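*Asks:* One structure is given below, represented as structure tokens, and several questions about it will come after.
In our numbering, the protein residues as written are 2 to 390.
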């Protein structure tokens, strides 16, 4: 019996989401062409110097807490298997001082190390082709799948399936240029985050990371940190500036980090302000992507025109949201809106998306959670509102 022919997919975006999807598909035997506008992987929000992998604890289960529980375990396993400690991550504990007080097992993570490890694995499997300096301007459906076009309409790549994993640029690609969705059906919003950091000289100001309104990392050491960052650093952040789509550093954002840090470690907050006044404080800023309900978008992209026809034919009633019946653009998927939790969520979400693309049924315990993440959830609300109007 001959082997099944390889499946092919385009993945757009080479941050945490795109890299996680690429390796998840590669492990299942897919061949992936990964396209990104930057010069290499993890050049956007995934270039964060250090982030925190830790649970989202709530008194009663919520979609985000359940998602976080699965995501922390999945990402931790990926780190332990692929990235040596001290070369991209470090196990620790974190003191939560806000709405979920307690001390929790955690890890400090440099996301780019995990992104590169995933892409290296996919390449070792012979399943990944990367194309840098390749911005995708438009997606066009064809009888055999999808074409990715540049700004002059030239075909960059084509495949039967495509995954848009380009953070806030997913909005431009699916709404502003390709017109595959109206804006309200894909309510993605930019969220700027600025981190304040500096070289650590001497003893850390705290025994372990602290978290409330932001995360304070008193000490992070990593052999693989880029040369522009101190080899031994402290960090505070990031800010959460909704609607802001810029990457410039601002003293106002540094001051917001200082105010948040005062509640965690007053001495460290003074260090931050001293560094700002002395000109030694460093910063990092990038744009993350969040949805209207602050949950990721994971799944097949809905077809709004077909949905209107479906609702008219079925006479859908208010209050009923049969998401499973939503018409979709065949072969078009999205993984976006990971917000400030990309380290936690990317691996688990990508593994579930790859399973969907292989038509593998979800487990009963995951069905409700995946329904909460379905990108069609907003399309149904929009379609019902337009039907009433």
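The beta-carbon is built from N, C-alpha and C at its ideal position, and this holds for glycine as well. All values reported here derive from a predicted model rather than from experimental measurement.
Using 8 Å as the cut-off, can you tell me whether the region 166-175 makes contact with the region 185-192, which would need three or more C-beta pairs spanning the two stretches below that distance?
*Replies:* Contact check between the region 166-175 and the region 185-192: three or more CB pairs, one atom from each, fall below 8 Å, which counts as touching.
*Asks:* CA-CA distance, residue 46 and residue 289?
*Replies:* 6 Å
*Asks:* Just to confirm, are residue 80 and residue 72 a CB contact at a threshold of 9 Å?
*Replies:* no
*Asks:* Per the DSSP calculation, residue 142 is bridged to which residue(s)?
*Replies:* DSSP, once it has assigned bridges, lists 147 as partnering residue 142.
*Asks:* Taking all protein chains shown into account, do 16 or more other C-beta atoms lie within 10 angstroms of the C-beta of residue 242, making it buried, or fewer, making it exposed?
*Replies:* buried
*Asks:* Within its chain, find whatever has a CB closer than 6 Å to the CB of residue 55; leave out the 5 residues flanking it on each side and keep chain order.
*Replies:* 95, 105, 107
*Asks:* What's the gap between the Cα of residue 117 and the Cα of residue 48?
*Replies:* 11 Å
*Asks:* Grab me the residues of residue 442's own chain with a C-beta within less than 8 Å of its C-beta, minus the 5 sequence neighbours each way, in chain order.
*Replies:* For residue 442 there is no data in the structure shown, the boundaries of the chain being 2 and 390.
*Asks:* If you run the structure through DSSP and keep just helix, strand and coil, what is residue 168?
*Replies:* coil
*Asks:* The beta strand (DSSP E) that contains residue 23, what's its start and end?
*Replies:* That residue, residue 23, is in no beta strand (DSSP E); its alpha helix (DSSP H) goes 17-28.
*Asks:* Residue 247 to residue 230, Cα distance in whole Å?
*Replies:* 21 Å
*Asks:* If you draw a straight line from the C-alpha of residue 60 to the C-alpha of residue 68, how long is it?
*Replies:* 15 Å
*Asks:* Between which two residues does the alpha helix (DSSP H) holding residue 117 run?
*Replies:* 112-125
*Asks:* Identify every residue that forms a DSSP beta bridge with residue 106.
*Replies:* 94
*Asks:* Quick check on residue 155: buried or exposed, where buried means 16 or more other Cβ atoms within 10 Å of its Cβ?
*Replies:* exposed
*Asks:* Out of 42, 24, 368, state which residue places its alpha-carbon closest to the alpha-carbon of residue 167.
*Replies:* Closest by alpha carbon: 42.
*Asks:* Would residue 374 and residue 280 be called neighbours here (beta carbons separated by less than 9 Å)?
*Replies:* No, the Cβ-Cβ distance between residue 374 and residue 280 is not below 9 Å.
*Asks:* At which residues does the beta strand (DSSP E) containing residue 364 begin and terminate?
*Replies:* From DSSP, residue 364 is part of no beta strand (DSSP E); its letter is neither H nor E.
*Asks:* Measure from the alpha carbon of residue 115 to the alpha carbon of each residue in 379, 364, 346, 359, then state which is nearest.
*Replies:* 346
*Asks:* Quick one: any contact between the region 341-359 and the region 217-233, if contact means 3 or more CB pairs under 8 Å?
*Replies:* no
*Asks:* DSSP state of residue 283, grouped into three classes?
*Replies:* strand
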